[in-house]
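Protein sequences, first through last, are from chains A, B and C.
For reference, each letter of the first sequence is one residue, going 1114 to 1208 in this note's numbering.
For reference, each letter of the second sequence is one residue, going 16 to 503 in this note's numbering.
For reference, each letter of the third sequence is one residue, going 274 to 757 in this note's numbering.
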Amino acid sequence: MAVDEATVSKIARLARIAISEQERSGLADELSHILTWVERLNEVDTEGVAPMTSVVAVKLAQRADKVSDGDRSDDILANAPRRDGDYFVVPKVIE
Amino acid sequence: MAVLIDLTLAAARDGLEGGGFSARELTQAHLDAMAEARPLNAYVAETAERALADADRADERRRRGEATPLEGLPIAVKDLFCTRGVASTAGSHILKGFVPPYESTVTANLWATGAVMLGKTNMDEFAMGSANVTSAYGPVVNPWRRRGDDTRLVPGGSSGGSTAATAARLCLAAIGTDTGGSIRQPAAFCGVVGMKPTYGRCSRFGMIAFASSLDQAGPITRSVQDAAIMLAVMAGYDPRDSTSVNRPVPDYESSLGTGIEGLRVGVPKEYRVDGMPAEIGALWQRGVNWLTDQGTEVREICLPHTEYALPTYYIVAPAEASSNLARYDGVRYGLRVDGDSVDDMYERTRAAGFGAEVKRRVLIGTYVLSAGYYDAYYLKAQKLRTLIAEDFRRAFESVDVILTPTTPFAAFPIGDKLDDPIAMYLNDVLTAPSSLAGLPAISVPAGLSTEGLPLGLQVIGAPFDEETVLRAAEALEQAADFDGSGWR
Amino acid sequence: MTARIAGRTGDFEMVIGLEVHAQVVSNAKLFSGAGTAFGAEPNCQVSPVDAAMPGMLPVINEFCVEQAVRTGLGLKAEINSFSVFDRKNYFYPDLPAGYQISQYSQPIVGRGSILLDMDDGATREVGITRLHLEQDAGKSVHDRDPQVTHVDLNRNGIALMEIVSEPDIRSAQEAGAYLRKLRSILRYLGTCDGNMEQGSMRCDANVSVRRDGEPYGIRCEIKNLNSVRNVMRAIDYEAGRQVEAIEDGDEVAQETRLFDAAKGTTRTMRGKEEAHDYRYFPDPDLVPLVLDPDWIAAIEAALPELPDDKKNRFVEAYGLSSYDAGVLVSERACAEYFETAAQGRDPKVVANWLTVELFGALNKAALDIDQSPVSARALGGLVDLIADATISGRIAKEVFAEMFETGREASEIVAEKGLKQVTDTREIEAVVDTVLAEHGNKVAEFRAGKEKLFGFLVGQVMKATKGKANPKSVNEILRMRLSD
Ligand SMILES: [Mg+2]
Ligand SMILES: [Zn+2]
């Protein structure tokens, strides 16, 4: 699959990574190259094959409905690049 | 003190027990070696103060007769594990300064059994790489050199800091993580033992995620016995990890030394990949002979979907990574680059915080999950994964372990393969299949290339049969009689 | 009961589907051990898992799973014994992981249905498409500071049940009835408190319009609906807007719109212009959820009697009208109150006292049934006093008002105020004789054929006895005396 620059911009936007003009064409080539390479999977007929859901057979572990965490806003906020009191702070969001 | 750092973990344990030296002496010897070996860039953080405090505590416990399995043994931790109060960065600029308020389960298990933390080891950024050149903290240098050539070589990746540190005697043992080969491949490049247990054997809690369905912690050591000792401590059920498996942890060390007579060994012809150097083929054959000599029954087996493993891996792993790495957004921890809007802040932060390889994989992963492409790529890959796992399942109906080379080539110069991502990805061509199937696998140093670089053999086992894998690895280790200090 | 919208060019009908997010009643969050209480200090009910710190992993809360299954059974829905948790990927400051753990292609609960009780006593069935479990997001606070947005993650990770209806709803009234019925079922089950004001039950409405026989039109999703009334207002406004657009020859754009409660209008949401691509995929941190059929059966066996069954029983066992039964069962506490009060009494009389007097008084005082100053037993006592003719119905209303005011027993009030009905015939005869003597000319007029003066004379007797005379005896004695 050849990925064009517009597609690179679209994916980069979805992934929230700013991409410069210069990076864009290089990335288009690299991604095209990688995607073409992985497309060799199409050689395999997978009709009727179930996609893997879990590599080991385990039953989903469940927790009891007990409050066992919380009340540690200092821990939660300690690494925040920007905070105001006990809130995280981000640039203004417009709804 | 050179003699102390040359000990295996098992020998150091016995030395401490016998009172020949103290944990403080053992730790100090390693701290001194670390200070001297800084040009290798194996550690991103040396926690000397903590190490000595750990060591003193260990000595005290031993005096009181309360020593636990790893009491006083100095160990290095890949910086992918979150360690409470100690910066944990996954080799990424985006986690700059992040200090977790919690401890990963695997490291907690080490400390609970008395291990001493020497520091955090360098790694490929978010464990994405096979050469340890993508770290925000610069490349790690392999202590090994080609014969008569001073070119600095890669240690392999992504646990390259841990394998280089173990090879260079900068720790008795280290822990790493393996997603598609990130323990075994660098172990092979550095001439040490590296083991990836069965997926679900070690808890992933507190281990910074790359690809959740593949990531597994494992030991990096200078002997198979040491790997057994480490794994017994690292492994175990953890109710905080829903993919952790609740079954008892065997005493791996005691399963060693029993020989391998009668073991059925499979040799998959599909692992003879295109362009594999003759010396790798020769090494493999030597391995077959060693095992045959020790009374095993070697037979050719068929793993027909092997050639699709790497492309499958390069869809599944980036897809999971693209989602796992969405949390690095500059809001709650790590780097933030301000912007005019929230989205602008996200985009600038992630552009500045992630390196080229991480961006590449996040973009690939985003693409293969996006509307219109999910079925063609992601779903297709998950179906291939089923087929690959099925190949192994069938193979293990007739063999107990599978023997292959670990890598298709030896360590290469830092800077090589940088312009071609796929050439770099081929490092994992022999390790990725077992990762996709969640199987236990180990790399054992088995000899030197014509240029004098370490080469590894890989033993793959059935799910949760780490004991047999270790036994086969021990047999190879004894036959190979590899000199791990050959880089000196 | 399709509501027609009369356009300039003909009639349209509304097609409505509702998506309800119901917060699961649980102590801890869906995938972490942090608490769920409403109104805690910011970021106090947050674990490192909720803050999506590196290396943190989700572990599901078994009780939330049970609540989802219980709700599914209450909606007469299929329970899927195999379901999968997926990641819904998007960036937003109150979504720390950059994805919401939800269920996409394989939800825990499949098709079910809800019976709507309409005002005319009729019922109508609305299909449930699915119910799935997912995490709530945190809260972005936009009004603390004009320059920045504040983020509180307390709500992040709380378990929600997203309940999606089929596009079977045809009017704002039906949408209201759907929400009230759903809320009633959730409260009966104890799986969600149904409080729309506190946000523990939230609703998005998908609205489109079409002419008869046409396929479904293009729909708009309306968000920000925080009461049943606002859902109904928003639907009516939105349908009208779409009809107008179509008749003006404009296209209705498929979009998300916000309801403005102050203006009663809907508007396009800003900042959501880009197309969403959520890149759903199974969460590799969780394996599929497999439920044991015996476990499901045990939950089903332990379900309480639900509103529809209770209503049918009330109609059959107590002879109530479908409408009254529907009103009484809408809240479990009302139904229980009724059954306690009706024990050994005339159920219709009790139902009448409940729906008219008690509900009226509670409404006026803004009290819930469980806060009623008049207990079910006390109301029963009042009804007994009427039944054994101790007091008349008219006096009973006064007594009830006093009971509601003071919380005292009916018998106590009747005794203290001397409200006991006069049933002594001789006493009444004496009063009747006095009245007839005082109103000799009226009596003459009555005898001359002015029949309606009988009522006047009854009134005079009642007045003289301060309403305490047994009306039946007064009637009989008067008739006797006048026919002499
Ligand atoms: Mg929805
Ligand atoms: Zn939802």
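Backbone N, C-alpha and C define an ideal beta-carbon position, used for all residues, glycine too.
Quick one: what's got a C-beta closer than 8 Å to residue i's C-beta in the same chain, skipping five residues either side?
i	result
glutamate 1152 of chain A	Met1114
glutamine 471 of chain C	Phe311
proline 566 of chain C	Ser354
aspartate 241 of chain B	Thr23, Leu24, Ala25, Leu187, Ala188, Val208 and Pro234
Taking residue i as the query, report the chain F residues whose CB atoms sit under 8 Å from its CB, ordered along the chain.
i	result
threonine 381 of chain B	Of the chains in the structure shown, none is chain F; the protein chains are A, B and C.
Any heavy atom of ligand 2 closer than 7 Å to the Cβ of residue i?
i	result
histidine 294 of chain C	yes
serine 473 of chain C	no
serine 438 of chain C	no
glutamate 118 of chain B	no
serine 238 of chain B	no
serine 375 of chain C	yes
glutamate 51 of chain B	no
glutamate 435 of chain C	yes
glutamate 494 of chain C	no
glutamate 520 of chain C	no
glutamate 407 of chain C	yes
Out of curiosity, what's the CA-to-CA distance linking residue i and residue j?
i	j	result
alanine 598 of chain C	glutamate 609 of chain C	12 Å
lysine 637 of chain C	threonine 738 of chain C	32 Å
alanine 91 of chain B	serine 257 of chain B	27 Å
isoleucine 442 of chain C	threonine 321 of chain B	54 Å
alanine 371 of chain B	arginine 397 of chain C	59 Å
serine 500 of chain C	valine 480 of chain C	17 Å
arginine 1126 of chain A	serine 145 of chain B	28 Å
tyrosine 2 of chain B	valine 59 of chain B	The structure shown does not extend to residue 2 of chain B, since chain B spans only 16 to 503, so no value can be given for it.
leucine 631 of chain C	leucine 531 of chain C	38 Å
threonine 446 of chain B	arginine 287 of chain B	13 Å
glycine 383 of chain C	glutamate 351 of chain C	5 Å
aspartate 355 of chain B	valine 1203 of chain A	10 Å
proline 321 of chain C	phenylalanine 304 of chain C	11 Å
valine 623 of chain C	leucine 593 of chain C	10 Å
aspartate 582 of chain C	leucine 459 of chain C	15 Å
tyrosine 267 of chain B	glutamate 481 of chain B	8 Å
threonine 422 of chain B	glycine 175 of chain B	14 Å
Closer than 6 Å by C-beta to residue i: which residues in its own chain qualify, once you throw out the five before and the five after it? Chain order, please.
i	result
isoleucine 223 of chain B	Leu95 and Ala105
phenylalanine 677 of chain C	Ala634, Pro646 and Val647
isoleucine 166 of chain B	It should be pointed out that residue 166 of chain B corresponds to threonine in this sequence rather than to isoleucine. Excluding residues within five positions, the ones whose Cβ falls inside 6 Å are Pro428.
lysine 741 of chain C	Gln694 and Val695
Excluding the 5 residues preceding and the 5 following residue i in the sequence, name in chain order all residues of the same chain whose CB lies nearer than 7 Å to its CB.
i	result
arginine 456 of chain C	Gly467 and Met474
serine 746 of chain C	Thr696, Thr698 and Ile701
isoleucine 572 of chain C	Glu339, Val342, Arg343 and Leu346
histidine 45 of chain B	Ile20, Pro89, Leu133, Leu185 and Cys186
tyrosine 551 of chain C	Lys361, Asn362 and Tyr363
aspartate 509 of chain C	Ala445
On the CB-based measure, 16 or more other CB atoms within 10 Å of its CB, does residue i come out buried or exposed?
i	result
proline 522 of chain C	Contrary to the premise, residue 522 of chain C reads as glycine rather than proline in this sequence. Label assigned to glycine 522 of chain C: exposed.
methionine 16 of chain B	Because methionine 16 of chain B carries a pLDDT of 43, less than 50, the predicted location of this residue cannot be relied on, and no value is offered for it.
valine 346 of chain B	buried
histidine 405 of chain C	buried
valine 444 of chain B	buried
glycine 302 of chain B	buried
tyrosine 440 of chain B	buried
threonine 307 of chain B	exposed
tryptophan 626 of chain C	buried
Based on the DSSP output, what are the partners of residue i in its beta bridges?
i	result
glycine 430 of chain C	Answer is none; glycine 430 of chain C lacks a bridge partner.
tyrosine 372 of chain C	C/Asn362
asparagine 479 of chain C	C/Gly290 and C/Glu494
isoleucine 750 of chain C	Isoleucine 750 of chain C is not bridged to any residue.
valine 1203 of chain A	C/Thr422
asparagine 334 of chain C	A/Arg1176
proline 1164 of chain A	The partner list for proline 1164 of chain A (beta bridge, DSSP) is empty, contrary to what the question assumes.
glycine 505 of chain B	No answer is possible for residue 505 of chain B: it lies beyond the span of chain B, which begins at 16 and ends at 503.
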